[in-house]
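As given, the protein sequences belong to chains D and E, one line each in that order.
At position 118 of the first sequence (counting the first as 1) the number is 118 in our numbering, and the numbers step up by one without a gap.
At position 360 of the second sequence (counting the first as 1) the number is 740 in our numbering, and the numbers step up by one without a gap.
Note that CB positions come from ideal geometry on N, CA and C, so glycine has one too.
Quick notes on the structure that follows.
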Amino acid sequence: MPTGWTAHYLDGRTATRHRITITITPAALQLLLSGGETKQWPYDQIRQTQGAYSGEPVRLEFGPEPAEAVVMSTPALLTAIHKAAPTMGQHFHSLSCRKTRMRWTLCAALGVLCMIIGLYRWGIPTMAAVATPYVPLAWEETLGRQVIEHLAPETRQCHDPDRLRKLDQVVQALTTTHPTSPYRIRLSVVDAPAINAFAAPGGRVVILRGLLEKTASPEQLAGVLAHELQHVYQRHTTRAILEQTATTFLLTAISGDLSGGLAWGLEGARTMGSLHYSRTHEREADVEGLRMMQAARLDPAAMIAFYGIMQNGAEPHAGPPDFLSTHPDMGERLATLIALAGPPPTNVVTLLSGEDWKDIRTLCRLQPDSRPAPVSLDLP
Amino acid sequence: MTTIGTPADTTDPVLKIDCHQCHTRYRVRHSDRLTPSARSTCPTCGARFAVVSPRLAPSKKEPLAKAAPPSPDHPRSHSTGATAGAPPTKHCSFHGTGGTLLGMQIVNICLSIATLGAYHFWGKAKIRRYLFSQTTFAGDRFAYHGTGKELYQGFLKAMLVFGVPYFSLGAAHTFLTLPKWLDLLLQALAGLVLFLYVPIAIVNARRYRCTRTSWRGIRFSFRGRTQDFLKLYFRGWFFTVLTLGTYYPYFQTQRQAFLNSHTYFGNQRFHFTGHGSGLMVPFVVTLFMTYAVLILCGLTMAFQLTNAGLTLFLIPFILGPAWIWLLGQKQRYFWNHTTFGLARFSSGITWQKLLTLYLGNLALLLVTLGFAWPWVTVRNARFFTSTLSLQGPTNLDWVLQETTVSSVTGEGLSNLLDTGFDMD
C-alpha cells in the first residue's frame with residue numbers, strides 16, 4: 001500500500017487546484033500541501049460526496065460550506081481508509097458494496113414489478129372504495145348537473161309530464177329496493193336515435209329515445225335502468241375519478257424525471273388503467289342490477305333478453321378488443337347474468353299495462369328522426 | 381469572516397495589501413515566499429487573510445486586460461482544439477452510463493412507491509448529483525449540492541403559492557354553482573396565475589440550481605431580479621403578439637441575455653453579446669416554411685384534391701427538420717455569444733447532428749417502450765457536452781468564492797411544470 005496518495009485539494013475559496021499528498025492515519029487524513037502546510041481531517045468530519053459509482057473520482061469534503069475538498073481519481077484511497085480505520089471510516093463508500101448494490105437493484109426491480117401489479121389490481125380499487133364514502137354527495141350532484149348540461153341539455157330532452165310519470169313508475173319499482181339510499185333519482189329522456197343510457201353522478205339517469213324504442217317490454221327497460229342505477233348507488237363515477245387520480249400518482253412516482261417521449265406511453269398506461277377499472281364497474285353494475293331486479297320481484301330474464309338483443313344487433317368483431325373497451329365482452333356479461341339469474345321466479349310483478357308501455361315509447365315522437373339507430377356494443 | 385487581501389498597487393514593485401475590515405495597509409516583505417494556500421491574520425483587527433494566487437497581479441508579459449474574447453463568427457476550430465501559441469481550448473465531456481442510471485431509477489421508483497411518492501424528491505436529487513458528477517469541464521467534474529429535503533420544501537411552497545390558487549380557481553366551477561361571468565373571471569384569473577408562474581419558475585429555478593452547482597469547489601450563482609425578468613417576459617410576449625411573431629427572436633435573445641449575464645461563477649460574471657437580429661433569418665425562414673406547408677395542406681384538403689391527406693406527411697418530414705434546424709441555430713448562437721472573462725463559449729451543434737440525436741432517441745424510446753430513457757439522457761448529455769467548449773484565455777485560478785443565499789421555491793415551481801434540466 002502506498003504511504004502517500006497524490007490528490008487535488010480545493011480550498012473552497014478559490015478555483016485553484018492544489019496538488020497535495022495524502023497520508024492515511026488511523027484517526028484522520030493528513031494533507032500535505034505543496035507549500036509545506038499540513039492539515040488534519042478527522043474521518044468522522046469528512047463527507048464523501050462523489051465516488052460511489054464506477055469511473056467517478058472520489059470527492060471528500062470537510063468543514064462548513066463552502067467546504068474544502070479533496071478530489072482523487074482512484075477509489076483505492078477508500079479501500080485504504082477502510083483498512084486503516086475500519087470503525088471511523090465506515091461511512092465511506094466501500095468498493096465491495098458495488099456487487100451488493102447490483103443485487104439490491106435487481107431486488108428493487110422485482111419489488112417494483114410486484115408493487116405495480118399489486119397496486120394496479122387491488123391497491124388502487126381498494127383505496128378508491130374506502131375513500132368514496134367520504135366524498136360529499138353535494139359534490140357528486142354538482143358534477144352530475146354539469147354532465148347533464150353537457151350531454152343531455154334541456155333542449156334535447158323529451159318533455160311530456162304524463163308519459164314521464166308512467167316511466168317513473170319503472171324507476172320507482174327499482175328504487176324501493178334501496179329505501180335508505182340518500183340519492184333522489186331523476187330520469188331524463190333525450191331525443192336521440194342511439195341505443196344508449198347513462199348515469200351521471202348524484203342520481204341522474206338518462207336514456208336515449210333509441211333505447212326506449214328498442215326495448216320490447218317495461219321489464220327489459222327496468223333491466224337497463226337497474227344497471228344504470230347501480231352505477232349511481234355504487235358511486236362508480238366518484239370511484240373512477242379517485243382511481244384515475246391514484247393511477248396518475250402511481251405513474252408519476254414510477255416515471256420520476258421521465259418526460260417528453262415517454263409522455264405518450266404514460267398516457268397510454270393511464271388510459272389502459274381507466275379502461276380496466278371501467279370494465280370492473282360495468283361487471284359490478286350488471287351483477288348488482290340483476291340482484292336489484294330480483295329484489296324488486298322483476299324477472300331477470302327480461303334483462304338477459306335485452307342484453308341478448310344487443311349482442312345479436314351488434315356486428316361480430318366490430319368493436320375494439322376486450323382490453324381496449326370500456327365494457328366487458330357482451331358474451332361474458334350474458335354468461336355471468338344467466339349463471340346468477342337461476343330458475344325463473346314465481347311471483348313476478350308486472351310493471352305497466354301494454355297500453356301504457358306503447359304510450360311511453362312514443363314519448364319523443366313529436367320530433368321523429370328517420371336516421372337508422374346505431375347499435376353500440378357497449379350498451380347498455 | 382475571511383477577508384481576502386488584494387494588491388494595493390500593481391505598479392509598485394513592493395507588494396502591499398489592504399485589510400478590507402480595518403483598512404490597514406501592510407507591506408509584504410517576502411512576496412516570493414507566498415504560496416497559494418498561505419494564510420495569516422490582520423495584526424490590527426484579527427481578520428483572516430488567504431493568498432489566492434502565488435502571483436497576485438498579472439504579469440506585464442501577459443497583457444490579459446488588453447485581449448478580447450474571440451469573435452463568435454470566427455471561433456477556433458472546435459475539433460482541432462487550440463492552435464499553436466493560442467490559449468488552450470477547454471472542453472466539456474460526460475462520462476455517465478445508461479446502465480448505472482437505470483439502476484438508480486429502479487431504486488428510486490421502488491422507494492417512491494413505498495413512501496407514497498415522498499421519496500421522489502430525494503431520488504431526483506440523487507439522479508442530478510450523478511449527472512453533474514459525471515460532467516467534466518477542463519478535466520474537473522461538476523458537483524451538485526442540492527438535497528431532496530430542499531426540493532421537497534420547494535415543492536410544498538410552490539404548491540401553496542401557485543398550485544393551490546391555480547387549481548382552486550380552475551376547478552371552482554366543479555364544486556360551486558357560479559354565474560357564467562364569475563366562472564369566466566375565475567378561469568381568466570387561473571390563466572393569469574399560470575402566466576405569472578412560468579417566468580417566476582424559470583428565473584427562480586435557475587437561481588436555485590446555480591447556487592447548488594459547483595466546479596472546483598466554486599459555486600455558481602444567479603443574481604437577476606425576478607421583477608426585471610417579469611417585465612422582460614411580459615414585454616416580450618406583448619410585442620411578439622403585436623408583431624405577429626416577428627419580435628420572437630428578439631424576445632428569446634433578450635431572455636437569454638438576462639439569464640446568462642446575471643449568472644456568475646464565483647465572483648466572475650458570464651456575459652452575453654447576442655442580438656435578436658442574429659436569429660432573425662433562421663426564424664423567418666422556418667416561419668415562412670411553416671406557413672407555406674400549412675397553407676398547402678389546408679388548400680389541398682379544402683379543395684379535396686386526390687391524395688390530399690398525403691400532404692399531411694409534409695408536417696413531420698419538412699417542418700420537423702426545419703424546426704430542429706432553428707433549434708440548432710438558436711442553441712449555437714446563444715452559446716457562441718456567451719463569454720466568460722476573455723474567453724468565449726463555442727458550440728459545434730449542427731442541425732444534422734441534432735436531427736440524428738432526436739431520431740435516435742425517438743427510435744430507442746419507441747422500440748423499448750420507453751425503458752431506454754436512461755440511455756436517452758446519457759446520449760443527450762454526451763451530445764451537448766461534446767459540442768461545447770470554451771475558447772480564449774481564461775485564468776480560472778483567479779475566480780473567488782462568493783456565497784449567496786437562494787430560496788428553493790423556484791425549484792419547486794419548476795417541479796410543478798417539470799421543466800427539468802436543460803442546456804440552454
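Amino acids of chain D, ordered along the chain, whose beta-carbon sits closer than 9 Å to that of residue i
i, result
"D777/E", "T14, A15, T16, R17"
"T557/E", "T142, R145"
"L674/E", "Chain D residues near L674/E: none, gap ~23 Å exceeds 9 Å."
"L780/E", "R13, T14, A15"
Neighbour flag for residue i against chain E, beta carbons, 9 Å
i, result
"E56/D", "yes"
"T105/D", "yes"
"E65/D", "yes"
"T6/D", "no"
"E68/D", "yes"
"V71/D", "yes"
"L29/D", "no"
"F249/D", "yes"
"Q50/D", "yes"
Minimum Cβ-Cβ distance from residue i to chain D less than 9 Å
i, result
"T643/E", "no"
"V487/E", "yes"
"L496/E", "yes"
"T477/E", "yes"
"I598/E", "yes"
"H811/E", "In the structure as shown, chain E starts at 381 and stops at 804, and residue 811/E therefore has no counterpart that could be examined."
"R811/E", "Coverage of chain E is limited to positions 381 through 804, which leaves residue 811/E absent and any answer about it impossible."
"W561/E", "no"
"W595/E", "yes"
"L531/E", "no"
Neighbour list for residue i in chain E, Cβ cutoff strictly below 8 Å
i, result
"V190/D", "Chain E residues near V190/D: none, gap ~22 Å exceeds 8 Å."
Interface residues of chain D facing residue i [CB-CB closer than 7 Å]
i, result
"T577/E", "According to the sequence shown, residue 577/E is Tyr rather than Thr. The contacting residues do not exist; Y577/E stays about 18 Å from chain D at best."
"Y510/E", "Y53"
Rounded straight-line distance, which links the Cα of residue j to that of residue i
i, j, result
"G658/E", "H717/E", "10 Å"
"G483/E", "Q311/D", "49 Å"
"G478/E", "A702/E", "30 Å"
"E243/D", "A494/E", "18 Å"
"R283/D", "I148/D", "24 Å"
"F517/E", "Q684/E", "57 Å"
"A131/D", "A240/D", "12 Å"
"L491/E", "L208/D", "49 Å"
"E782/E", "L722/E", "20 Å"
"K560/E", "D160/D", "29 Å"
"G331/D", "H178/D", "29 Å"
"M681/E", "R163/D", "48 Å"
"R592/E", "E288/D", "58 Å"
"A199/D", "L137/D", "15 Å"
"R186/D", "A152/D", "13 Å"
"G35/D", "T6/D", "15 Å"
Residue i burial status per 10 Å Cβ neighbour count (16 or more: buried)
i, result
"Y9/D", "buried"
"H236/D", "buried"
"H150/D", "exposed"
"H227/D", "buried"
"S278/D", "buried"
"N687/E", "exposed"
"R98/D", "exposed"
CB of residue i within 9 Å of CB of residue j, strictly
i, j, result
"N442/D", "R270/D", "Outside the shown range of chain D, which is 1 to 380, sits residue 442/D, and nothing can be said about it."
"M88/D", "A27/D", "yes"
"N647/E", "V779/E", "yes"
"V583/E", "F602/E", "yes"
"L33/D", "Q40/D", "no"
"L221/D", "L229/D", "no"
"L143/D", "P201/D", "yes"
"F600/E", "F638/E", "no"
"T620/E", "H655/E", "no"
Beta-carbon neighbours of residue i, restricted to chain E and to distances below 9 Å
i, result
"L221/D", "Result: empty, since nearest Cβ-Cβ is about 32 Å, beyond 9 Å."
"Q169/D", "Result: empty, since nearest Cβ-Cβ is about 31 Å, beyond 9 Å."
"L174/D", "In chain order: nothing, as chain E lies at least about 29 Å away."
Interface residues of chain D facing residue i [CB-CB closer than 8 Å]
i, result
"T480/E", "Y53, S54"
Test: residue i CB closer than 9 Å to a CB of chain A
i, result
"G111/D", "Considering every chain present, this structure includes no chain A. Its protein chains are D and E."
Neighbouring residues, chain E, relative to residue i (Cβ below 7 Å)
i, result
"A399/D", "Within the shown structure, residues of chain D are numbered from 1 to 380, placing residue 399/D beyond reach of any answer."
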